[in-house]
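What follows is one structure encoded as structure tokens, with my remarks underneath.
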Amino acid sequence: MSHFTTVTATYILVKYSRSYPSSAPSSQAQTSSDVDWQHFVNPVIKLYLDVKKSSTGELVSVRLRIAWFMDDRTEDVDRREVVFEDLELLSFSSLSPPNPQAAQIEQGLPLKAVYRDSVVGIRYLHPRVIGPGTHPVYRRFQITFLSPTAALQFIDAIRTVCPCKANPSTQTPVRNQTMHTDLSRPRTSTGLMSQTNTLIRTQTSHSAAPIPKRARLTYDGAFSRPSNPGRLNLETSTDLHVPSFTTSTPSRQMLPNNDNTSQISSSSVTLSSSSSREMINPDCDSSQPSYASRNDSDMMPPPPLPSSAPRPVEVTGPQVPDAFTSEFLASLRETPALYDLPQAELEDLVGHVIREEGFAKLLDALDSMWKVKGFLDR
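Going left to right, the sequence shown walks through residues 1174 to 1551 as the numbering used here numbers them.
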């Protein structure tokens, strides 16, 4: 009397996909991607592998079943299930290849499997009996396990009856030279580094108000190379954008972030014609990395004086501290280029100034001063 031992292994599948062509491909160039695929996921998909051996250890059968359960309640014995696959893998071993020449390159095998990470793809001949004058038809299905370890366990279990081949992942090109070139361009001239040092020192010494988080300096002197350049190139190469500023002037200074007049009174404000244009335009020259981030509408220039005025006009009043007046006039004397701004930029600066508190009082004071000037000119 013969005795048999059956060992059943159960795997939970994340996804099951299948392709059942009704006829053979019209040409050798047609691949599995040219046919329709059906995909199944939730609620529960299970794979059962029954390995049956005789008392002498001889392999009798290897049965693969894939079932899709419509309900995940394990206590319900009457729950519905749909059987996707029910294959006797060992029976394919007795089949001769439909095309002996193609079998030499593993293209005409009646059964084969490929795997990568947690995904396993299996192709088998269906129907197994090929009539005269007909072409073989192959069915394909792809299963995704919970982990690569589970996929390898399944491959090891069927390797004795099914040819298995690892499908290495596609190697993405690593553009180290491109990334290195883009990140190593700050060494263009000594003038740029000196301007950067001036910019950082000026903002540190004159900005008394706290700098917003998005306007903080992020330059640390060197760029760290990622541990996986190929992955960085794929995920961030299209999004990598480092704004930069042009170097049209020998020196420039950063404007402090001032949201109201009380914060203006605690800092010294300077401005040059080139620095105002650089802060407004975020995409001046993307080839040069910058060392200070742009602060959009939070970094606004100081209130400009009329372009026709030949000299700075001192605004006095009981509400303006003497210290602020002296600092403001000193900054205007250091940067007389404020009066040479183009009309378009000057209008843009004025547009921001009129939103500040106390602008109406400034207009009243200027109006009375121009009246006095008119009387003196007569």
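Yeah, the Cβ is synthetic: ideal placement off N, Cα and C, and Gly gets one too.
Please read all numbers here as calculations on a predicted model, not as lab measurements.
Legend entry - Residue range of the unbroken beta strand (DSSP E) whose run includes residue 1157: This structure leaves residue 1157 out entirely; the chain is present only between 1174 and 1551.
Inset, instruction - On a CA-only basis, which of 1290, 1238 and 1313 is nearest residue 1282? Give me that one, please. - result: 1313
Legend entry - Which listed residue (1531, 1300 and 1295) has its alpha carbon closest to that of residue 1338: 1295
Legend entry - Where residue 1498 sits in the DSSP three-state scheme: helix
Inset, instruction - Report all residues from its chain with a CB closer than 7 Å to the CB of residue 1234; omit the five preceding and five following residues, and keep chain order. - result: 1225, 1261 and 1263
Inset, instruction - Pull up the CB-CB distance for residue 1330 and residue 1222, whole angstroms please, since I reckon it's below 8 Å. - result: 6 Å
Inset, instruction - Below 6 Å CB to CB, which residues in the same chain sit around residue 1191 once its five sequence neighbours on both sides are set aside? - result: 1211 and 1314
Inset, instruction - Find out if the Cβ-Cβ distance for the pair residue 1241, residue 1265 is shorter than 8 Å. - result: no
Legend entry - Cβ-based burial, residue 1285 [other Cβ within 10 Å; buried from 16]: buried
Legend entry - C-alpha distance - residue 1175 paired with residue 1181, whole-angstrom precision: 20 Å
Inset, instruction - Count the other CB atoms, across all protein chains shown, that sit within 10 Å of the CB of residue 1334; report buried if there are 16 or more and exposed otherwise. - result: buried
Inset, instruction - Determine the closest residue to residue 1195 out of 1539, 1299, 1291 and 1336, with distance taken between C-alpha atoms. - result: 1299
Inset, instruction - Measure how close the beta-carbons of residue 1289 and residue 1215 come, nearest whole angstrom, since I'm counting them as under 8 Å. - result: With 8 Å as the limit, residue 1289 and residue 1215 do not qualify as a contact, their Cβ atoms being about 23 Å apart.
Legend entry - Burial state of residue 1503 (16 or more Cβ within 10 Å): exposed
Inset, instruction - Whole angstroms is fine: what's the gap from residue 1303's alpha carbon to residue 1311's? - result: 11 Å
Legend entry - Range covered by the alpha helix (DSSP H) that runs through residue 1322: 1321 to 1331
Inset, instruction - Let me know the secondary structure DSSP gives residue 1210 once reduced to three states. - result: coil
Inset, instruction - Starting from the Cα of residue 1177, find the closest Cα among 1189, 1217, 1185 and 1229 and give me that residue. - result: 1229
Inset, instruction - May I have the straight-line CA-CA distance separating residue 1308 from residue 1336, to the nearest angstrom? - result: 22 Å
Inset, instruction - Taking residue 1319 and residue 1185 to be in contact with their CB atoms under 8 Å, please state how far apart those CB atoms are, rounded to whole angstroms. - result: 6 Å
Inset, instruction - Specify the secondary structure class of residue 1513 as computed by DSSP and reduced to three states. - result: helix
Inset, instruction - Please classify residue 1290: does DSSP put it in a helix, a strand, or coil? - result: coil
Inset, instruction - For residue 1114, write down the residues that DSSP places opposite it in a beta bridge. - result: Missing from the structure shown is residue 1114; the chain here goes from 1174 to 1551 and no further.
Inset, instruction - Consult DSSP for residue 1518 and reduce its assignment to one of helix, strand or coil. - result: helix
Legend entry - First through last residue of the beta strand (DSSP E) which encompasses residue 1190: 1177 to 1192
Inset, instruction - For residue 1302, name the three-state secondary structure that DSSP assigns. - result: coil
Legend entry - Segment limits, beta strand (DSSP E) that includes residue 1337: 1337 to 1339
Inset, instruction - Go through its chain and collect everything with a Cβ distance to residue 1165's Cβ below 8 Å, but skip five positions before and after it. - result: Any question about residue 1165 goes unanswered here, given that the chain covers just 1174 to 1551.
Legend entry - Residue interval of the alpha helix (DSSP H) (run including residue 1541): 1532 to 1550
Legend entry - Cβ neighbour criterion (16 or more within 10 Å) applied to residue 1237: buried
Inset, instruction - Drop a sphere of 10 angstroms on the beta-carbon of residue 1532, count the other beta-carbons inside from all chains shown, and report buried for 16 or more, exposed for fewer. - result: exposed
Legend entry - Nearest neighbour of residue 1189, chosen from 1231, 1255 and 1500 [CA to CA]: 1255
Inset, instruction - Compute the Euclidean distance between the alpha carbons of residue 1529 and residue 1498, then round it to the nearest angstrom. - result: 17 Å
Legend entry - Contacts around residue 1193, its chain only, beta-carbon distance under 6 Å, and the 5 residues preceding and following it disregarded: 1312
Inset, instruction - Give the DSSP-derived three-state secondary structure of residue 1282 in the structure shown. - result: coil
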